[in-house]
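Working notes for the structure below.
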Amino acid sequence: MQMVTIDLQHVTDTEEFYRQFAHKFDLGYFGANLDALWDMLTAGIPLPVRITLRHLDNHPQQAALERIVSVMQEAEQETGGAFSVRISSMPAGD
1 MQMVTIDLQH
11 VTDTEEFYRQ
21 FAHKFDLGYF
31 GANLDALWDM
41 LTAGIPLPVR
51 ITLRHLDNHP
61 QQAALERIVS
71 VMQEAEQETG
81 GAFSVRISSM
91 PAGD
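Counting in the UniProt record's numbering, the sequence shown runs from 1 upward without gaps.
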């Protein structure tokens, strides 16, 4: 299973999240919206994969990022767990 970590301390807005997501998966073009995220998570990236999101708690953009997390959780159900998302407040590498 591929493991990918996105540290939200370095994410200032949803556009930056989408840039990091596209970079982590080496996507040439990515629509940078919730529909495009869904498409990538359910059919566009090689599965299985687990994404760990670090530092969501008390993030200045928490409400917007939680919409992204919601799509990820729905994709986890849709793929039967082949895609999974974890939320962690621990620093990367701990």
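By construction, the Cβ of each residue, glycine as well, lies at the ideal position given by its N, Cα and C atoms.
Small disclaimer: the values here were computed from a predicted structure and weren't measured.
> Helix or strand or just coil, what does DSSP make of D39?
Replying inline: helix
> Should the segment 77 to 89 be called in touch with the segment 53 to 60, which here means at least 3 C-beta pairs below 8 Å?
Replying inline: yes
>> Just to confirm before moving on: does the CB-CB distance between E78 and T42 stay below 7 Å?
In response: yes
>> If you reduce the DSSP assignment to three classes, tell me which class T5 lands in.
In response: strand
>> With the cut-off set at 7 Å, would you say I45 and F25 are in Cβ contact?
In response: yes
> Expressed to the nearest angstrom, what Euclidean distance is found between the alpha-carbon atoms of G81 and N33?
Replying inline: 22 Å
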